[in-house]
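With mature numbering (1 follows the signal peptide of the UniProt record, and there is no 0) applied, the sequence shown covers -19 to -1, 1 to 261. Don't be surprised by glycine CBs; every beta carbon is placed ideally from N, CA and C. Since this is a predicted model, take the numbers as computed values, not measurements.
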Amino acid sequence: MSRMWKLVVPVLLLTAACANPTPATQEPPAPPATLAHVHGLGVNPADGTLYAASHFGVFTVPADKAPERVGDRAQDTMGFVVVGPNHFLGSGHPDRPEPGTAPHLGLIESKDAGRTWQTLSLKGAADFHSLEVKHNRVYGYNSQNGQLMVSENQRDWDTRGRVAMADFTVSPADPDVVLATTREGLERSTDGGRTFAPAAGSPRLVLLDWSEGEVVFGVGVDGIVHVSGDSAATWTAKGRVTGTPAALAAKGSAVYVATESAIHASTDSGGTFTLRQALK
């Protein structure tokens, strides 16, 4: 097993633990009010606030004060994507499991910046560990069956290829071009995620974000941030963060990387990073 995929094991163990809900006869313990175990990052275009989706709910992460959980739900938000102003999609595991129901949220939606959430589809059936919204479509990697899934209406889904991936990203220019990080290395699809082939010459990456144009950001398991300016044909190593990479978000020259111990921020396209928030 490669070094990159050794680091996936703790995540899989954590996911397995989440799949064993508290018995209905017991009151579930109150979730911690502190930010930890970050799974996703995103910037709300309504006000520029950084949001972190975590094992204990969704938090705001302002630059000048402590993180604060949004709303009264503390679901284990595994997949998370900012769709637009105050508009988020997510997935993961409920904080209040329902007896007799598989502990998977399916696709959930918030239109008030994470304060409240509604189920859209696949409740009990899907646990999306990675989500993207581009080309008026939702792309999701379902950890329950190892398949990429795509929906144009957020309710009916087309099942695409089965690939063991840590993360994926979609070209902003072409809905059929998808990049995925796998144990064999970076792979590319040109048919909407139905099939994948190795992307020769690419660094060993675990996280990806194709935010705009031909610029793709990636983070290696060693914490080195790589940037491509030609749609992942070639890459340049930039800055580095300490810790095991867990989440990545990029917008313009702003890049955020979460590890198990901190959220790091860059304002120069990943060249240098400063500590945004230490994690418990």
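Nearest by alpha-carbon distance to R96: which of P179, K115 and T41 is it?
That would be T41, whose Cα lies nearest to the Cα of R96.
Looking only at its own chain, which residues have a Cβ that is under 6 Å from the Cβ of T217, when we skip the five neighbours before and after it?
Once the five neighbours on either side are set aside, the close Cβ partners of T217 are V208.
Please classify N67: does DSSP put it in a helix, a strand, or coil?
N67: coil per DSSP, three-state reduction.
Verify whether the separation of the beta carbon atoms of V159 and G173 is less than 8 Å.
Yes; because the gap between Cβ atoms is below 8 Å, this pair is in contact.
Taking DSSP's pairing of strands, which residues face K261 in a bridge?
Answer is none; K261 lacks a bridge partner.
Rounded to the nearest angstrom, what separates G224 and I205 at their Cα positions?
G224 and I205: Cα-Cα distance of roughly 10 Å.
With a CB to CB cut of under 6 Å and the five nearest residues on each side skipped, what residues in its chain are close to W138?
Cβ neighbours of W138 beyond the five flanking positions: M130 and S132.
In this structure, how does DSSP classify E168 when only helix, strand and coil are distinguished?
E168 falls in the strand class under three-state DSSP.
Measuring alpha carbon to alpha carbon, tell me which residue in R185, H20, N123 and T140 is nearest S35.
Considering only alpha carbons, the answer is H20.
Within this structure, are the beta carbons of A27 and A94 separated by less than 8 Å?
Yes, the Cβ-Cβ distance between A27 and A94 is below 8 Å.
Could you tell me the distance, in whole angstroms, from the CA atom of P184 to the CA atom of A55?
The alpha-carbon atoms of P184 and A55 are separated by roughly 36 Å.
Comparing alpha-carbon positions, which option in A246, R141 and L103 lies nearest G127?
Answer by Cα proximity: R141.
Assign residue 339 to one of three DSSP states: helix, strand, or coil.
Nothing can be reported for residue 339: it is not among the residues displayed for the chain, which extend from -19 to 261.
Count the other CB atoms within 10 Å of the CB of Q258; is the residue buried (16 or more) or exposed (fewer)?
Buried.
From what residue to what residue does the beta strand (DSSP E) around K219 run?
It spans T217 to R221 - the beta strand (DSSP E) in which K219 sits, taken as one unbroken run.
Would you check if the distance between the CB atom of Y120 and the CB atom of V144 is smaller than 8 Å?
Not a contact, by the Cβ cut-off of 8 Å.
Please report the Cβ distance between M59 and D108, rounded to the nearest whole angstrom; I am assuming they are in contact, meaning their Cβ atoms lie under 8 Å.
At roughly 6 Å, the Cβ-Cβ gap stays under 8 Å, so M59 and D108 are in contact.
Would you check if the distance between the CB atom of V222 and the CB atom of F254 is smaller than 8 Å?
Contact flag set, yes.
Is it buried or exposed, A239, if we count other Cβ atoms within 10 angstroms and call 16 or more buried?
Under this definition A239 is a buried residue.
Do you know how far the Cα of L229 is from the Cα of A246?
Taking the straight line from one Cα to the other gives about 10 Å.
When you compare only the Cα positions, how much space is there between Y237 and A243?
Roughly 10 Å separates the two Cα atoms.
Let's test the definition: count the other Cβ atoms within 10 Å of the Cβ of N123 and tell me whether it reaches 16, buried, or not, exposed.
By the neighbour-count rule (16 or more Cβ atoms within 10 Å), N123 is buried.
According to the neighbour-count rule (16 or more other Cβ atoms, all chains shown, within 10 Å of its Cβ), is T100 buried or exposed?
Result: exposed.
Check whether the Cβ atoms of P226 and L188 lie closer than 8 Å to each other.
Their beta carbons are under 8 Å apart, which means P226 touches L188 by this criterion.
In the structure shown, what three-state DSSP assignment does R50 receive?
Strand at R50.
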